[in-house]
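Below is one structure, written out as structure tokens; the observations come after it.
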Amino acid sequence: MLKVVLRFLLSTVVWVSVAHAHPHSWIDVQTTLTLDADGNLIEITQLWEFDEVYSRIALETVTKEYENEMLGLEMLAQDMVTNLKPYKYFSSLQLDKIDIPLSKPVYAKFEPYSEQRKLKLKQIFAFDTPVKLAGKAITWSVFDPTYYVAMNHHSADAVNVIANEKTRCAKQFKLPSPTQEDIDYAASLDQTQRDSDGLGQLFSERVTIQCN
1 MLKVVLRFLL STVVWVSVAH AHPHSWIDVQ TTLTLDADGN LIEITQLWEF
51 DEVYSRIALE TVTKEYENEM LGLEMLAQDM VTNLKPYKYF SSLQLDKIDI
101 PLSKPVYAKF EPYSEQRKLK LKQIFAFDTP VKLAGKAITW SVFDPTYYVA
151 MNHHSADAVN VIANEKTRCA KQFKLPSPTQ EDIDYAASLD QTQRDSDGLG
201 QLFSERVTIQ CN
């Protein structure tokens, strides 16, 4: 399963592993939730910043394959969206512990990269029907189910809510709390090749948002 996850995440990009334990790749995540005038959720914007090693290999590969960096990145973004769909785009949205599915992003493109040439993928998920919050709690988390890729917001500041002046929202950022057994299991996977589905959730951050 690890090879499958790696293949669909990197799409046509060739990956050279630089480590022998989980995780093998790192993504810094920023999330913005947009509410309408009535305080209902209408849009979620994600920004994924990939680590330097992956970014370098991806840029070299798409440039070689398409002979045009911009075209190659456009194709890579679309491939990622297509291949992440069965995995719910590595994103979990719950409203009072009830799953709210995300539709295909209406926007998915790589932003201009940083001086370190780190790739940044921007995705926008829109809701045809606003998600009525009505005082209910939103729980948001982003993770690779197998933990092959570590995905982190790092702090509550990386999750923002855009709302009108009348809407007040409070955030609670909860760090993962895997057991030592979970940690040891994750570190052993490359040596034993055991199945890791569901492992990523044990290492995922959770942000709970309550708006009035």
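Just so you know, the working numbering puts 110 at position 110 of the sequence shown, and the rest follows in order with no gaps.
Glycine included, every Cβ here is placed at the ideal spot set by N, Cα and C.
Asked, Found
"Buried/exposed call for G39, threshold 16 Cβ in 10 Å", "buried"
"Runs of beta strand (DSSP E) lying entirely within the region 19-48, each at least 3 residues, in chain order", "25-35"
"Beta bridge counterpart(s) of D99 as assigned by DSSP", "Q94"
"In DSSP terms, what L121 is bridged to", "W48, F110"
"6 Å CB neighbourhood of E49 in its chain, flanking five on each side removed", "D28, K118, K120"
"Helix, strand or coil at Q116 according to DSSP, with G and I counted as helix", "coil"
"Nearest candidate by alpha-carbon position, reference V159, set Q210, F127, S103, Y66", "Q210"
"Alpha-carbon spacing of K109 relative to Y87, whole angstroms", "19 Å"
"Start-to-end residues for the alpha helix (DSSP H) that takes in A77", "69-84"
"C-alpha distance - I42 paired with P105, whole-angstrom precision", "13 Å"
"Residue range of the beta strand (DSSP E) that includes N152", "149-152"
"Contact with chain C by F50, beta-carbon distance below 8 Å", "The structure shown contains no chain C; it is built from a single protein chain."
"Candidates H154, W140, Y89, E74, of which the one nearest I98 by Cα", "W140"
"Neighbour-count burial assignment, H154, 16 or more Cβ in a 10 Å radius", "exposed"
"Where D144 falls: helix, strand or coil (DSSP)", "coil"
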